[in-house]
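Chains as they are written, first to last, in the UniProt record's numbering: chain U, 1 to 121; chain G, 1 to 509. Idealized CB from N, CA, C, for every residue including glycine. Keep in mind the model is a prediction, meaning the values are calculated, not measured.
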Amino acid sequence: MSLTPYVPLVVLFGLATVFAVFSVTIGPYIGPRRINKAKLEAYECGIEPTPTPPGGSRFPVKFYLTAMLFIIFDIEIVFLYPWAVAFDSLGMFGFVEMLLFIVTVFVAYTYVWRRGGLDWD
Amino acid sequence: MNDIQLPPIDYAALLPMLIVFGLACVGILAEAFVPRKHRFAVQATLTLAALIAGLVTVIINRDLEVTTIGGAVTIDGAGLFLQGIILVLGIVAFGLIAERRLERGGAFVANAAHAADSDGDKKQLNEAGATEIFPLTLFAIAGMMLFCVSGDLLTMFVALEVFSLPLYLMCGLARRRRLLSQESALKYFLLGAFASAFFLYGVALIYGYAGSVQLVAIKQSVLDSDKSGVLLAAGLALLAIGLLFKAAAVPFHVWTPDVYQGAPTPITALMAACVKAAAFGGLLRVFNVAFETTSWDWRPVITAVAMATMIVGSILAVTQTDIKRLLAYSSIANAGYLLVGVVSLGGAVGSSMFYLVAYGFSVLAAFGMVTLVRDADGEATHLSRWAGLGKGSPLFSAMFTIIMLGFAGIPLTSGFSSKFALFSSAWDANQSALVIVGVLSSVVLAFPYLKVVVLLWLNPPGDETPTVSVPGYLTRAVVGVGVLATIVLGVAPSWLLDMVNSAGTFLAK
Chain U
1 MSLTPYVPLV
11 VLFGLATVFA
21 VFSVTIGPYI
31 GPRRINKAKL
41 EAYECGIEPT
51 PTPPGGSRFP
61 VKFYLTAMLF
71 IIFDIEIVFL
81 YPWAVAFDSL
91 GMFGFVEMLL
101 FIVTVFVAYT
111 YVWRRGGLDW
121 D
Chain G
1 MNDIQLPPID
11 YAALLPMLIV
21 FGLACVGILA
31 EAFVPRKHRF
41 AVQATLTLAA
51 LIAGLVTVII
61 NRDLEVTTIG
71 GAVTIDGAGL
81 FLQGIILVLG
91 IVAFGLIAER
101 RLERGGAFVA
111 NAAHAADSDG
121 DKKQLNEAGA
131 TEIFPLTLFA
141 IAGMMLFCVS
151 GDLLTMFVAL
161 EVFSLPLYLM
171 CGLARRRRLL
181 SQESALKYFL
191 LGAFASAFFL
201 YGVALIYGYA
211 GSVQLVAIKQ
221 SVLDSDKSGV
231 LLAAGLALLA
241 IGLLFKAAAV
251 PFHVWTPDVY
261 QGAPTPITAL
271 MAACVKAAAF
281 GGLLRVFNVA
291 FETTSWDWRP
301 VITAVAMATM
311 IVGSILAVTQ
321 TDIKRLLAYS
331 SIANAGYLLV
341 GVVSLGGAVG
351 SSMFYLVAYG
361 FSVLAAFGMV
371 TLVRDADGEA
381 THLSRWAGLG
391 KGSPLFSAMF
401 TIIMLGFAGI
411 PLTSGFSSKF
421 ALFSSAWDAN
431 QSALVIVGVL
441 SSVVLAFPYL
451 KVVVLLWLNP
461 PGDETPTVSV
471 PGYLTRAVVG
481 VGVLATIVLG
491 VAPSWLLDMV
501 NSAGTFLAK
């Protein structure tokens, strides 16, 4: 492998730099400036932003445990679907492996349950 | 319908990892069901049992050479030796993690998420610490074991995450200096996640080039392929960034001092010994198996990184005033020496592994002793506080002197024999420039170590000199083993050198 393969790489880096510098510096000059209220609000997945007094304030972070639990089962489902589709061809081996996988998820769930992660107050 | 070919699985070869992973899961269940009063004893026993059982199975497997689960895991001499190193160093580090004599409730707090200095945080200062630390340690160690024997880049990525995620959390659990500890956890997590992204992007580009993520297949496609090498070069660069981050090589080292300083000292010890072994195990495997034939492309770059790592690490170590930061910069410089082993390829694999063993034991003893120098606020890590400790605590100071002389590479210590073995195999591989930079930088690096020795013995003790705590039997054992290994591997290194040289090959088929 000679040095020639690096030429496209250098060009790519150059283009990336030029693009980044261009977009950051030119935008403010040529873009229209129409300020409205929505532009100053936090974007939260398209829903109404959580109401907070100006300057920010405290809000309960209880949801983060729920969110983490959701991720555990979310990932489980991601693997369960393809397994269910290919159940016939995977046979007994796939079944046992899937059980083992669910057991490991269940271990995490048991921990959260026993240590009070599911209690709201 | 039965068109899916299941890959054969060699359970015996996977047994060490299955044991450690399995018992880590059992540890989580124990955390859920065992009453609080008995948790510590149960967890500590379980962890030690898992590590020892893992080590025994690794030793039973020692002559195994097999690629299993469809190429995802490659068990070979070097891989098994690295797994053995990680387990042995893990068992020693376990002594520091389980120590509860030095501080009430151990070195960890129960809840990392309390805001520093909040009421909840002050309350947990005197409560028993988290016993979750034990299953987390097991998960981390199992991940490191898998990292060293991964046969493809995706398995390697999963292993990387498995050992990184527990470490991010454990960094934030220090009982004292909570803010510093939380800062270190956050920094490590953000930068680590960033490095993981680089790693994955690299894997994707290499897959685009080779059509496979298996290390052996990548090597084959480098030989056969007539495709342009753009994807390969870019992928390799990104992959190397991800790996060099974990290995703490310049310029990806900036997290190291902050994380080493903020993390609880037992976890710092675990990172300096085991994670270093795992990171270099992975680097050695990737470069020796997949990219040996492309060495013309990456050697100049990694050589430059190795030189920068040695020079920056040793020069910045000179300016440090905190013992944990000093040891962090020293670990960066040592990463540079180990990179010399990576650049030298095949012949230096054995001596790199020898270096990992020697450095791991010394650094565990060093951090073990850092946990002993305490005052009312916990560990006194500022170097000025260490002045004159030799007067009141001669045995401690003598032990620390041996470790420092070992790091400095004085003959008859493991620091000398390991550097000698590594540099001579690099010399044989015609890496003379690297060897010269290595020797010069280790001369520079000797200065901060000797400065500490002078501080201990020749400076008068100040009013503020902290006391050296009487160590519990666990810390005592850790320090004893570390100092003993530093001397034994310096005086009689040949048995281990024979062992690493017979183990020092990666299975490349």
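key: Cβ contact check for the stretch 8-25 of chain G and the stretch 43-60 of chain G: 3 or more pairs under 8 Å   = yes
key: Cβ neighbour criterion (16 or more within 10 Å) applied to residue 99 of chain G   = Within the second sequence, numbered from 1, the residue matching residue 99 of chain G stands at position 99. Buried: at least 16 other Cβ atoms inside 10 Å.
key: Same chain only: Cβ atoms within 8 Å of residue 126 of chain G, ignoring 5 sequence neighbours per side   = Numbered from 1 along the second sequence, position 126 holds the residue referred to as residue 126 of chain G. Excluding residues within five positions, the ones whose Cβ falls inside 8 Å are 104, 105.
key: Close beta carbons around residue 1 of chain G, own chain, < 7 Å, minus the five adjacent residues each side   = What you label residue 1 of chain G is simply residue 1 of the second sequence in a count that begins at 1. Here residue 1 of chain G scores only 47 on pLDDT, less than 50, and its place in the model should not be relied on; the value that follows carries that caveat. Once the five neighbours on either side are set aside, residue 1 of chain G has no close Cβ partner at all.
key: Residues sharing a beta bridge with residue 108 of chain G, DSSP   = Taking the second sequence and counting its residues from 1, the one referred to as residue 108 of chain G is at position 108. In DSSP, residue 108 of chain G forms a bridge with G:174.
key: Where the beta strand (DSSP E) containing residue 67 of chain G begins and where it ends   = Start at 1 with the first residue of the second sequence, and residue 67 of chain G comes out as number 67. Residue 67 of chain G -> beta strand (DSSP E) spans 66-68.
request  = Establish whether the CB of residue 1 of chain G and some CB of chain U are separated by less than 8 Å.
outcome  = Taking the second sequence and counting its residues from 1, the one referred to as residue 1 of chain G is at position 1. Model confidence at residue 1 of chain G stands at a pLDDT of 47, short of 50, so the residue's coordinates are unreliable; what they give is reported in the following sentence. Answer yes: the Cβ-Cβ gap between residue 1 of chain G and chain U drops below 8 Å somewhere.
query = Applying a beta-carbon distance threshold of less than 9 Å, which residues of chain U neighbour residue 148 of chain G?
reply = Here residue 148 of chain G corresponds to residue number 148 of the second sequence, with the count starting at 1. Here the premise fails: no neighbours, minimum Cβ distance about 22 Å.
task = Anything in chain U within Cβ reach of residue 164 of chain G, meaning under 8 Å, just list it in chain order.
result = On the second sequence, residue 164 of chain G is found 164 positions in, with the first residue counted as 1. In chain order: nothing, as chain U lies at least about 17 Å away.
message = Taking the alpha carbon of residue 439 of chain G as the reference point, which residue from G:306, G:390, G:397 has its own alpha carbon closest?
response = The sequence position of residue 439 of chain G within the second sequence is 439, counting from 1. Cα-wise, what sits closest to residue 439 of chain G is G:306.
inquiry  = Helix, strand or coil for residue 256 of chain G? Go by DSSP, reduced to three states.
reply    = Position 256 of the second sequence, counted from the start, is the residue given in the question as residue 256 of chain G. If DSSP states are grouped into helix, strand and coil, residue 256 of chain G belongs with the helices.
ask   = So with Cβ pairs under 8 Å, would you call residue 93 of chain U a contact of chain G?
value = Your numbering for residue 93 of chain U matches position 93 in the first sequence. Chain G contact via Cβ: present.
ask   = Looking at residue 353 of chain G and residue 396 of chain G, is the spacing between their C-beta atoms short of 8 Å?
value = Within the second sequence, the letter at position 396 stands for residue 396 of chain G. Within the second sequence, the letter at position 353 stands for residue 353 of chain G. Against a cut-off of 8 Å, the Cβ pair of residue 353 of chain G and residue 396 of chain G comes out as no contact.
message = Determine, for residue 32 of chain G, whether the minimum Cβ-Cβ distance to residues of chain U falls below 8 Å.
response = As a working note, residue 32 of chain G is residue 32 in the second sequence. Yes, because at least one Cβ of chain U sits closer than 8 Å to the Cβ of residue 32 of chain G.
query = Are there 16 or more other CB atoms within 10 angstroms of the CB of residue 490 of chain G, so buried, or fewer, so exposed?
reply = As a working mapping, residue 490 of chain G is identified with position 490 in the second sequence. Answer is buried; the Cβ neighbour count reaches 16.
key: Classification of residue 266 of chain G by the beta-carbon crowding that lies within 10 angstroms, buried from 16 upward   = Counting from 1 along the second sequence, the entry for residue 266 of chain G is found at position 266. Classification for residue 266 of chain G: buried.
Residue 92 of chain U burial status per 10 Å Cβ neighbour count (16 or more: buried) = Counting from one through the first sequence, the residue named residue 92 of chain U turns up at place 92. Label assigned to residue 92 of chain U: exposed.
inquiry  = Tell me the rounded alpha-carbon separation between residue 444 of chain G and residue 454 of chain G.
reply    = Looking up residue 444 of chain G in the second sequence gives position 444. Looking up residue 454 of chain G in the second sequence gives position 454. Computed Cα separation, rounded: 16 Å.
task = Taking only runs that begin and end inside the stretch 291-360 of chain G, name each unbroken alpha helix (DSSP H) of 4 or more residues, in chain order.
result = 295-318, 323-343
request  = Name, going along the chain, the residues of the stretch 124-145 of chain G whose beta-carbon falls closer than 7 Å to a beta-carbon of chain U.
outcome  = none
request  = Consider the Cβ of residue 29 of chain G: report whether some Cβ of chain U lies at a distance smaller than 8 Å.
outcome  = Residue numbering aside, residue 29 of chain G sits at position 29 when the second sequence is read from its first letter. So, interface residue.
message = Assess contact between the stretch 467-482 of chain G and the stretch 373-381 of chain G, defined as three or more Cβ pairs (one per stretch) separated by less than 8 Å. Is contact present?
response = yes
ask   = Can you tell me the Cα-Cα spacing of residue 513 of chain G and residue 255 of chain G, whole angstroms?
value = Any answer about residue 513 of chain G is impossible in this case: the structure gives chain G only from 1 up to 509.
query = What residue does the beta strand (DSSP E) around residue 241 of chain G start on, and which one ends it?
reply = As a working note, residue 241 of chain G is residue 241 in the second sequence. Looking at the DSSP string, residue 241 of chain G is not in any beta strand (DSSP E); the run it does join, the alpha helix (DSSP H), is 230-247.
task = Taking residue 11 of chain U as part of the alpha helix (DSSP H), name the residues at either end of that continuous run.
result = Mapped onto the first sequence, residue 11 of chain U falls at position 11. Its alpha helix (DSSP H) spans residues 6-30.
message = Under DSSP, the alpha helix (DSSP H) around residue 439 of chain G begins and ends at which residues?
response = Residue 439 of chain G sits at position 439 when you count from the first residue of the second sequence. 432-457 is the extent of the alpha helix (DSSP H) around residue 439 of chain G.
query = For the alpha helix (DSSP H) that contains residue 19 of chain G, what are its first and last residues?
reply = The sequence position of residue 19 of chain G within the second sequence is 19, counting from 1. Residue 19 of chain G -> alpha helix (DSSP H) spans 11-33.
request  = Just the chain U side, please: which residues come within less than 8 Å of residue 4 of chain G by C-beta, in chain order?
outcome  = Taking the second sequence and counting its residues from 1, the one referred to as residue 4 of chain G is at position 4. By Cβ distance, chain U contributes 86, 89, 90.
ask   = Whose C-alpha, out of G:96, G:476, G:316, is nearest the C-alpha of residue 44 of chain G?
value = To locate residue 44 of chain G, count along the second sequence from 1; it is residue 44. For the residues G:96, G:476, G:316, the minimum Cα distance to residue 44 of chain G belongs to G:96.
Residue 261 of chain G burial status per 10 Å Cβ neighbour count (16 or more: buried) = By 1-based counting over the second sequence, the position of residue 261 of chain G is 261. Buried.
task = Report yes if the C-beta distance between residue 384 of chain G and residue 294 of chain G is below 8 Å; otherwise report no.
result = Residue numbering aside, residue 384 of chain G sits at position 384 when the second sequence is read from its first letter. Residue numbering aside, residue 294 of chain G sits at position 294 when the second sequence is read from its first letter. Contact: no.
task = Please report the Cβ distance between residue 400 of chain G and residue 409 of chain G, rounded to the nearest whole angstrom; I am assuming they are in contact, meaning their Cβ atoms lie under 8 Å.
result = Against the second sequence, residue 400 of chain G aligns to sequence position 400. Against the second sequence, residue 409 of chain G aligns to sequence position 409. No, residue 400 of chain G and residue 409 of chain G are not in contact; Cβ-Cβ is about 16 Å, not under 8 Å.
ask   = Just how far apart, CA to CA, sit residue 118 of chain U and residue 133 of chain G?
value = Numbered from 1 along the first sequence, position 118 holds the residue referred to as residue 118 of chain U. Numbered from 1 along the second sequence, position 133 holds the residue referred to as residue 133 of chain G. In a straight line, the C-alpha of residue 118 of chain U is about 22 Å away from that of residue 133 of chain G.
Sub-8 Å separation of residue 157 of chain G and residue 143 of chain G beta-carbons = Taking the second sequence and counting its residues from 1, one reaches residue 157 of chain G at position 157. Taking the second sequence and counting its residues from 1, one reaches residue 143 of chain G at position 143. Cβ distance not < 8 Å, so residue 157 of chain G and residue 143 of chain G don't count as in contact.
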